[in-house]
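All remarks here apply to the structure that follows.
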Amino acid sequence: MGHARAMTAAPGTDGGDTPTRPPPRTGAGASVYGMELGIPLDGCRVLIADDSAFNRRTLTRFLQWAGITQVAFAASAEEVMERLESFAPDLLLLDAAMPRMDGIGVCRSLRGDPRWRDLPILMQSALHSDQMRTVCFSAGATDLIAKPINPGECIARVRYHLERRSMVRELRAFHKRVERDLRQARAMQLALVPEEAELAALAERNGLAVDSVFRASDEIGGDFWTAFEFDGTRVGIFAADLSGHGIAAAINAFRLHTLLTRTPPEEMRDPAGLLRQLNGRLCEILPLGQFATAFYGVIDRADDTLLYAAAASPSPLLATSFGFQPLDASGPLLGAFGESAYTNRRVPLRRGDALFLYSDGLSEARDAGGAMLGEDGLLRLAERAAADAPDRPLPALMARHAAIHGERLTDDVTALWITLR
Amino acid sequence: MSAAMDFSVREAPASTEIVLSGRMTFADHDTFRDVIATFERPAGHRMVFDLSRLDFVDSSGLGMFIIARDTAQRRNLDFAIRGARDEVRRLITIAKFHTMFNIAD
């Protein structure tokens with residue numbers, strides 16, 4: 021094939037060996053071909069793989085007009101591999117057919133190597149049949165330019181693929197950074213909830229058995245819970261779900277956690293009072309339409325009662341020898357309205373009784389057919405788990421839940437099963 | 062499974078009724094912006110959310126009701142919700158919305 025002859029000399033050149041009279045440049049835009057659109061290309065590196073010296077020179081000239089000065093060459097398949105490694109180009113201009121190397125084969129083998137899977141490969145071919153084009157594309161070419169090569173088209177295509185690559189790179193870098201940040205944030209959020217050994221010790225000291233699940237639907241979310249002991253006989257359990265998803269909800273969860281940790285212990289005895297206070301403070305900091313649903317209960321081992329107040333949390337389940345009973349957890353949303361009033365409710369919680377708390381991520385899960393579990397459905401699931409695995413019902417419940425609704429839920433999940441021993 | 066939230070508007074001289082339908086969740090914030098745009102009415106006008114065709118609302122959806130209520134207050138509109146059923150009724154009951162909202166049932 022007459023590759024060299026197939027190449028059109030650029031206007032303003034003599035087609036000879038030295039690129040003469042380059043267009044005057046006060047920057048890439050000086051030439052009609054150096055379109056000043058998008059990103060500057062002077063930092064880009066292009067590898068030209070062509071066994072014709074004439075073609076290499078001509079292509080180099082075209083690239084120069086686009087402002088690309090970092091150019092390397094390869095005249096054989098071996099050289100392509102070597103230059104790819106040493107030069108690390110942003111784009112490969114590859115001749116589809118050369119006497120000592122098959123451009124199609126080179127392209128195919130590059131696409132098989134993860135390092136070059138993303139490299140834009142612009143193929144030049146003198147054969148214009150649809151069949152030839154199909155062969156090039158199926159070998160992994162990003163784009164084709166037909167010989168004889170027109171400088172305007174060549175530059176436009178090179179520019180397009182370099183810009184696209186640069187944008188993809190930026191997006192990848194951004195994605196990576198966000199992923200890393202979210203991983204860190206997730207670790208911080210997991211640190212909000214009691215650490216396992218600490219929780220086990222607290223449970224042991226207070227004659228409780230506590231099983232817990234805490235999972236965010238995305239990297240981070242708006243659920244959080246905590247447990248703490250005070251006054252010698254009391255254990256406080258606080259669980260909240262901040263409205264929305266993702267980062268905003270997580271930040272609000274941190275805010276609520278901070279407010280909670282700054283509350284003096286004597287104010288922790290009165291659940292309704294605590295919620296009223298938290299509501300007032302959250303109203304000052306949360307934007308309109310953002311709020312938390314919450315449950316705060318105080319288990320008192322002196323008289324085996326549960327004193328609790330709630331802010332529209334899902335109904336906790338009380339398991340006694342009479343079966344499961346949903347507790348009234350109605351109450352104004354936390355942080356939505358300034359003057360909300362909360363109510364204390366007291367129920368007996370005797371040895372062997374259990375309290376099952378959960379976030380709506382669990383009760384609002386939907387099965388493959390789209391049907392929502394609902395609080396009634398969750399109650400039946402809890403009854404069944406307690407019957408199947410009386411010692412540790414929560415893992416049994418979660419396993420059954422996952423079997424119906426999948427492991428990946430669309431909302432954060434908190435679940436706490438607290439049994440009085 | 063019913064679709065994402067949708068709404069239709071019924072106009073009368075002194076009142077506007079917005080019929081919400083489907084499932085109202087976190088994903089419906091954009092649609093809800095269009096709902097809020099209908100609150101561009103003269104002071105004293107009555108705005109009613111008809112929830113009878115709404116199948117589900119999650120807690121983010123409750124946040125949208127709060128934004129609607131606030132918008133109405135700022136524009137001196139008379140705002141009410143009505144017709145909530147099943148899950149929607151349950152949620153607005155446990156959030157004690159009757160203490161903050163005009164519920165016209």
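Chains U and P, in that order, give the protein sequences.
So for the first sequence, the working numbering puts the first residue at 21; every next one is plus one.
So for the second sequence, the working numbering puts the first residue at 62; every next one is plus one.
Each residue gets a CB set at the ideal place from its N, CA and C atoms; glycine is no exception.
Problem - Proximity of residue 325 (chain U) and residue 366 (chain U) at Cβ, strictly below 7 Å - result: yes
Exercise for the section: Quick one: residues in its chain with C-beta nearer than 6 Å to the C-beta of residue 143 (chain U), no 5 flanking neighbours on either side, listed in chain order? Expected result: 114, 116, 156, 161 and 164
Problem - Reference residue 95 (chain U); option with closest CA among U:387, U:75, U:219 and U:225 - result: U:75
Exercise for the section: Please list the residues of the region 141-159 of chain P that have a C-beta atom closer than 7 Å to any C-beta atom in chain U, keeping them in chain order. Expected result: 154, 155, 156 and 157
Exercise for the section: Measure from the alpha carbon of residue 67 (chain P) to the alpha carbon of each residue in P:141, P:74 and P:97, then state which is nearest. Expected result: P:97
Handout entry: Contact list for the region 116-142 of chain P against chain U, Cβ threshold 8 Å
Key = 117, 119, 120, 121, 123, 124, 125, 127, 128 and 131
Handout entry: DSSP state of residue 310 (chain U) mapped onto helix, strand, coil
Key = coil
Practice task
With 7 Å as the threshold, decide whether the Cβ of residue 66 (chain P) is near any Cβ in chain U.
Solution key: no
Exercise for the section: Compute the Euclidean distance between the alpha carbons of residue 119 (chain P) and residue 152 (chain U), then round it to the nearest angstrom. Expected result: 56 Å
Problem - Under 8 Å by beta carbon: chain U residues contacting residue 85 (chain P) - result: Within 8 Å Cβ-Cβ: nothing; residue 85 (chain P) doesn't reach chain U, min ~13 Å.
Handout entry: Nearest residue (CA-CA) to residue 317 (chain U), options U:277, U:409, U:260 and U:352
Key = U:260
Handout entry: residue 357 (chain U) - DSSP class collapsed to helix/strand/coil
Key = coil
Practice task
Taking the CB atoms as reference points, tell me whether residue 398 (chain U) and residue 383 (chain U) lie closer together than 7 Å.
Solution key: yes
Practice task
Kindly identify the DSSP beta-bridge partner or partners of residue 338 (chain U).
Solution key: U:345 and U:375
Problem - Given 8 Å, three or more beta-carbon pairs between the region 189-196 of chain U and the region 90-109 of chain U - result: no
Problem - Option in U:391, U:283, U:375 and U:421 with minimal Cα separation from residue 439 (chain U) - result: U:375
Handout entry: Where the alpha helix (DSSP H) containing residue 110 (chain U) begins and where it ends
Key = Residue 110 (chain U) -> no alpha helix (DSSP H), and no H or E assigned at all.
Practice task
Quick one: measure Cβ to Cβ for residue 301 (chain U) and residue 279 (chain U), integer angstroms, because I've assumed they're closer than 8 Å.
Solution key: 5 Å
Practice task
Can you tell me which of the three DSSP states residue 175 (chain U) falls into?
Solution key: helix
Practice task
Figure out for me which residue from U:352, U:319, U:370 and U:321 has the closest Cα to the Cα of residue 334 (chain U).
Solution key: U:352
Practice task
Find the residues of chain P that neighbour residue 265 (chain U), judging by a C-beta separation of less than 7 Å, and give them in chain order.
Solution key: 87
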